[in-house]
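The structure under discussion appears below in the form of structure tokens.
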Amino acid sequence: MSQGEANRFGFTINKSRLINYDKGDQRVRNYITEREPSFRLCFSCGSCTATCTAGSHTTINLRRINVLIRRGDLDPIRDEVTRCMLCGKCYLTCPRGVNTRNVLALAAEAMKMRERNEL
Amino acid sequence: MNFEPFVIPFNLGLYFILIYTVVRCIMWFQGLSRADKLRLQRGFFGRPFMQSIKEILSESLLHRRIFKVNPVLGYMHMSLAFGWFLLILFGTIEADYFGAHHLNPPSRAIFFRYFNPEHGAYGFAHIYGFWMDFLLAFILSGLLLAMSKRFRPRTMGMKKTTKHTIVDRIALTSLWLIFPSRLMAESLTCGANGSGSFLTGNLGALLASVMPAGEVAPLFWWLYSLSLGTFFVLLPVSRYFHIPVEMFLIFLRNSGIKSGDKASSFTEVELNACSSCGVCISTCQMSYAAGINNIQSAYLIKGLRTGKDVSDITMNCLMCGRCEEKCPVGIELGPLRMIQRREGKRINEEIPFLSQYSLKRNIVSTEKEPTHSYKYLAPGKEVKADVLFFAGCMTHLTPSIIVAMKKIFEEAGVNYHFMDADGGVCCGRPLMLAGRDREARELINHNSEIIWKSGAKMLVTSCPICYKVFRESYYLDVEVLHHTQFIDMLIDEGALRPGFMHEKVVYHDPCELGRGSGVYDEPRNIIGYVADLQQTVEDRSEALCCGGSIGNLSLSSEKRSLIAKDAISVLTKNNPSAVITACPLCKKTFSNASETKVMDIAELVVKALPSKTPKKVFIRQKKSAAETVKN
């Protein structure tokens, strides 16, 4: 399939890649689940991302953040977690009752601590 | 002058606590800011002084505010505080008038019966003795209630009472021992000497018939003195330090000193003025509806005083303000908690027991490290309009409110601009509630710029959370109105003419609008105009929180729904056809928990608007809130 053909419907095919779960940094994930156990309930539906206030001004994708934190792939979301406004819309739309607001607040905290090697 | 060794514990305790309290108050005074010192000085020589005296009488002695919470609870506190005060006062007079000398040391008055065992057998002294016995009986009746409250708080209208620390329990025990031991000591001495009035005399005669009263009596005099001494010595590190500190706090507060947004000498006074009475626990919905019993203000304050780690307690609160409304000491519980939320991470070391007596505490105030940044925000579009409408994040989740508001604007012919139609920026209140003021400032500046540029005269918001922050933390040149105030104004001016619907509805006060901003009448005016407003038990400043509050970051959704269900069951007790609220978050939270329809006030008004096709509508004369209540 050519590139043009793939773009016709607005999405492209991702390049193949390798995720090594052994190399993931689980510290942020552990920090969050310890304090906000509901983080485990997320099934990545993306309602939070769709409703996000900050999301209409910048790239912030809570669904992606959640997946990457669980995967332990933290570098791509270092800036993204600081953009949340804590407004709480995502929490109200979450069908699983994940306390998303707290997840993001804790993620931002944990990422700062990780930079300073305090985690 | 016959000196008895048993008065030593009492004397030591008394002089210790007197000197300690005075020194501590002086230290606190010195710690106040210059402006606050001036305020206090000015207050001391003016009208606030008389107000303070009055408040000390009505609150520290008579406990008027606790009477309002529950009469039995009020009586209990009054009998102990006022009764003890009278006992000391009349005891001193008794010792001065009947004793061998004038101007006796306090121990002569407190242990008067011991030094004058045969006093009061006849005449005026006997009548006076009756009065003293009556006072003792008055206190003992309160003590009985206090004991029963410990075991069955519900009898005093308390859903829950405070769980105390060991020091508090020892202090409590010594306080409880004071009066029974006095009763026993006096009775035995009276019994041995054939004196005393209705209580001590009769009990004494009874005791003397079964035991050698004269020989047992010293034992109880020792117990009496020891329990007094223990109580006084433990006072500064126990909850009973509120007795002297509350009076100091009343002077400070009446002079116009407020807690501000940083830990200070004044907040230190407030912490020490807390009596751990448990009214904040009893009134907390997180306690009685969701079963969380360790985060209430009494525990926060206790933790702060003993240097415990309170970071979890601090954040786990709905910030609904119900406890502050009920606090009998009048401590600013909300601001105190917010100060803690703003504090950065610090090393929490439990203060050792003896160090809790230390006079000088270094009040450190650190700032949270910023974790968020909003540099990505592009400056907002510039649109000129007379009236700005800011829906806010929460209203965007309840589109029916936006539709209703648009309809109201059109119906009234208002030239408005929907400021955040395609997703605006958060107002900043959620960040502030999380203790992140500095980051909130970025959002506030962004929104302020849009509002300033628009040249609007009026800013209408349909969210109480936004309303509060627009009013308190923004520097704006516009009139900020909540949509209830705006609609009320439109109806008043005749720009909006909704009809009257024969429907019984109940109104729920959102925390941020009612207790938070003091808007109670406007929504009631509107509802009174379009429908029949039912009364609820917990109304106005006592209104319940829906449980959805953004003030709490960590509360789980299960607990939130427990609170919502409890609140909705109170609201729908009289089977209204709809629950009306004025906050999109309350609406959202209640909708999930309620079988009754939940509507925003704007939707109700739109429903009452006469339709274009001619139809019979009843237009009712506008009533004031007071009249509605009467009906």
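These protein sequence lines are chains Z and F, in that order. For the first sequence, the working numbering gives the first residue as 1, with consecutive numbering after it. For the second sequence, the working numbering gives the first residue as 1001, with consecutive numbering after it. Glycine residues also receive a C-beta, built at the ideal position from the N, C-alpha and C atoms. A quick note: this is a predicted structure, and the numbers were derived from the prediction, not measured.
**Prompt:** For Cys94 of chain Z, which residues from the same chain have a beta carbon less than 7 Å from its beta carbon, with the 5 sequence-adjacent residues on both sides left out?
**Reply:** Beyond the five residues adjoining it in sequence on each side, Cys94 of chain Z comes within less than 7 Å, by CB distance, of Ser47, Cys48, Thr100 in the same chain, given in chain order.
**Item:** Sequence ranges, alpha helix (DSSP H) only - wholly within the region 52-80 of chain Z, length at least 4
**Value:** Correct list: 62-71.
**Asked** What do you reckon, is the C-beta of Asn1592 of chain F under 7 Å from a heavy atom of the ligand MG?
**Response** Absence of the ligand MG from the depicted structure is noted, as is the absence of any ligand whatsoever, leaving it without description.
**Request:** Please name the residue, chosen from F:Leu1061, F:Asp1133, F:Asp1261, that lies closest to Arg1438 of chain F on a Cα-to-Cα basis.
**Result:** Taking each of F:Leu1061, F:Asp1133, F:Asp1261 in turn and checking the Cα distance to Arg1438 of chain F, the smallest one comes out for F:Asp1261.
**Request:** Give the C-beta separation of Ala1378 of chain F and Tyr1416 of chain F to the nearest angstrom, bearing in mind that I take them to be a contact with Cβ-Cβ under 8 Å.
**Result:** Actually they do not touch by this definition, with Cβ atoms about 23 Å apart.
**Prompt:** Tell me, which residues are paired with Tyr1299 of chain F by DSSP?
**Reply:** Under DSSP, Tyr1299 of chain F shares a beta bridge with no residue.
**Pick from F:Cys1327, F:Val1329, F:Gln1296, F:Glu1325 that is closest to Ile1313 of chain F, judged by C-alpha positions** = Selection F:Cys1327, F:Val1329, F:Gln1296, F:Glu1325 evaluated against Ile1313 of chain F yields F:Gln1296 as nearest (Cα-Cα).
**Message:** Quick check on the DSSP output: the alpha helix (DSSP H) that includes Phe1251 of chain F runs from which residue to which?
**Reply:** Note, Phe1251 of chain F: alpha helix (DSSP H), 1242-1254.
**Asked** Under a CB-based cut-off of 8 Å, is Cys87 of chain Z close to chain F?
**Response** Output row for Cys87 of chain Z: interface = yes.
**Prompt:** Just how far apart, CA to CA, sit Phe1006 of chain F and Ala1289 of chain F?
**Reply:** C-alpha of Phe1006 of chain F to C-alpha of Ala1289 of chain F: approximately 50 Å in a straight line.
**Identity of the residues DSSP links to Thr1314 of chain F by a beta bridge** = Looking at the DSSP assignment, Thr1314 of chain F forms no beta bridge with any residue, so it has no partner.
**Message:** Going by DSSP, what residue range makes up the alpha helix (DSSP H) through Leu1609 of chain F?
**Reply:** DSSP places Leu1609 of chain F in no alpha helix (DSSP H); its state is neither H nor E.
**Request:** Could you tell me which uninterrupted beta strand (DSSP E) segments, each at least 3 residues in length, are contained entirely in the region 1354-1403 of chain F, listed from first to last along the chain?
**Result:** Scanning the region 1354-1403 of chain F from its first residue to its last, the whole beta strand (DSSP E) runs of 3-plus residues come out as 1387-1390.
**Request:** Check the Cβ of Glu1369 of chain F against every Cβ in chain Z and list those closer than 8 Å, keeping chain order.
**Result:** What Glu1369 of chain F touches in chain Z: Lys112.
**Prompt:** In the structure shown, what three-state DSSP assignment does Asp1532 of chain F receive?
**Reply:** In the structure shown, Asp1532 of chain F sits in a strand (DSSP, three-state: E or B).
**Residues, ordered as in the chain, of the region 63-94 of chain Z that lie near chain F by beta-carbon distance below 9 Å** = Those residues of the region 63-94 of chain Z that come within reach of chain F (Cβ to Cβ, closer than 9 Å) are Asp79, Val81, Thr82, Arg83, Cys84, Met85, Leu86, Cys87, Gly88, Lys89, Tyr91, Leu92, Thr93, Cys94.
**Asked** Nearest-angstrom Cα distance between Met1078 of chain F and His1396 of chain F?
**Response** Using only the alpha carbons, I get a separation of about 51 Å.
**Cβ neighbour criterion (16 or more within 10 Å) applied to Gln1485 of chain F** = Classification of Gln1485 of chain F: buried, given that the 10 Å Cβ count is 16 or more.
**Item:** Cβ pair Phe1179 of chain F, Leu1135 of chain F closer than 8 Å
**Value:** In this structure, Leu1135 of chain F does not lie closer than 8 Å to Phe1179 of chain F by Cβ.
**Message:** Buried or exposed for Cys1190 of chain F, going by 16 or more other Cβ atoms inside 10 Å?
**Reply:** That one is buried.
**Asked** Within the chosen definition, does the region 28-48 of chain Z reach the region 99-118 of chain Z through at least 3 CB pairs nearer than 8 Å?
**Response** Touching, yes.
**Message:** Taking CB distances under 8 Å as the criterion, tell me whether Arg101 of chain Z reaches chain F.
**Reply:** By this cut-off, Arg101 of chain Z is an interface position.
**Prompt:** How about Ala50 of chain Z: is its C-beta nearer than 8 Å to some C-beta of chain F?
**Reply:** Ala50 of chain Z does not count as touching chain F.
**Message:** Residues of chain Z with CB closer than 9 Å to the CB of Pro1379 of chain F, please, in chain order.
**Reply:** The CB of Pro1379 of chain F never comes closer than 9 Å to any CB in chain Z; the least such distance is about 11 Å.
**Item:** Nonlocal neighbours in the same chain, by C-beta distance under 7 Å from Leu1271 of chain F, ignoring five residues either side
**Value:** Hits under 7 Å: Ile1301, Leu1304, Arg1305.
**Item:** Inter-residue CB distance, Pro1328 of chain F and Cys1277 of chain F (contact presumed, cutoff 8 Å)
**Value:** Contact holds; Cβ gap of about 6 Å.
**Same chain, Cβ closer than 6 Å to His1446 of chain F, neighbours up to 5 away in sequence not counted** = Listed in chain order, the non-local C-beta contacts of His1446 of chain F below 6 Å within the same chain comprise Leu1377, Val1425, local neighbours out to five positions each way being set aside.
**Request:** Could you tell me which chain Z residues have their CB closer than 8 Å to the CB of Lys1453 of chain F, listed as they occur along the chain?
**Result:** Those do not exist, as Lys1453 of chain F stays about 18 Å from chain Z at its closest Cβ, beyond 8 Å.
**Message:** Taking 8 Å as the cut-off, does the region 1130-1146 of chain F touch the region 1079-1086 of chain F (at least 3 CB pairs, one atom from each stretch)?
**Reply:** Cβ pair count under 8 Å is three or more, so yes.
**Message:** Cutting at 6 Å between CB atoms, please list the residues of its own chain near Gln1356 of chain F, excluding the five before and the five after it.
**Reply:** The residues are Val1237.
**Request:** Output the distance between the C-alpha atoms of Val1606 of chain F and Lys1559 of chain F, rounded to the nearest integer angstrom.
**Result:** Between the alpha carbons of Val1606 of chain F and Lys1559 of chain F lies a gap of roughly 34 Å.
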